[in-house]
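Shown next, in structure tokens, is the structure this report addresses.
In my numbering, the protein residues as written are -8 to 186.
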């Protein structure tokens, strides 16, 4: 019964997760979903969104999908409008930012930038709520999560590698996490700044 309830409450998260698994199992048959920065055209513009469904390895997929299902379910149930905006903006802006920052890259894959956007969204929303409520103790703990996120991104940027995924089958792209975090934090804090 709980699984059915989860499917009903989180249809977007579950649908994307199923597509991610299908794309991984399909292997080379999923190549029409790949974004190629060297030859992207208007006809291929859908690949800006579909590139997030693809992963370089099973290890890459496991980490990204576990975080996406967890964070996506939390956000979709508790802040569905902000969740949809976060998905939409990060799906579009992350590949664009990667292409601009790393013109030497040929392709981009993965959900980690979107995962980071969702984490930023959830932390910003929870921190914003606690600040509005003047619940300083909880605000302190959520501030630590925010500081942890920023420290993780700084460490990845300085080291040029991902912290959680130790996979040599792809080159890590910390800028994707930074763009995702900015999107999630802006959307999460946005409604509290407007108050």
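The C-beta atom is built at its ideal place from N, Cα and C for all residues, glycine as well.
What you are looking at is a predicted structure, and each value in this text was computed from that prediction instead of being measured.
- Inter-segment contact for the region 46 to 55 and the region -4 to 15 is present: three or more beta-carbon pairs are separated by less than 8 angstroms.
- Here the C-alpha atom of residue 70 lies approximately 11 angstroms from the C-alpha atom of residue 109.
- Contact between the region 58 to 78 and the region -4 to 12 is present, with at least three C-beta pairs closer than 8 angstroms.
- Secondary structure of residue 99 (DSSP, three-state): strand.
- Rounded to the nearest whole angstrom, the CA to CA distance from residue 163 to residue -3 is 32 angstroms.
- Within the DSSP bridge table, the entry for residue 26 names 99 as partners.
- For the pair residue 67 and residue 176, the Cα-to-Cα distance works out to about 16 angstroms.
- Secondary structure of residue 54 (DSSP, three-state): helix.
- For residue 182, the enclosing alpha helix (DSSP H) starts and ends at 165 to 184.
- Rounded to whole angstroms, residue 124 and residue 107 show a C-alpha spacing of 26 angstroms.
- The straight-line gap separating the alpha-carbon atoms of residue 52 and residue 167 is approximately 16 angstroms.
- Taking 8 angstroms as the upper bound for CB-CB distance, residue 119 and residue 171 are not in contact here, some 18 angstroms apart.
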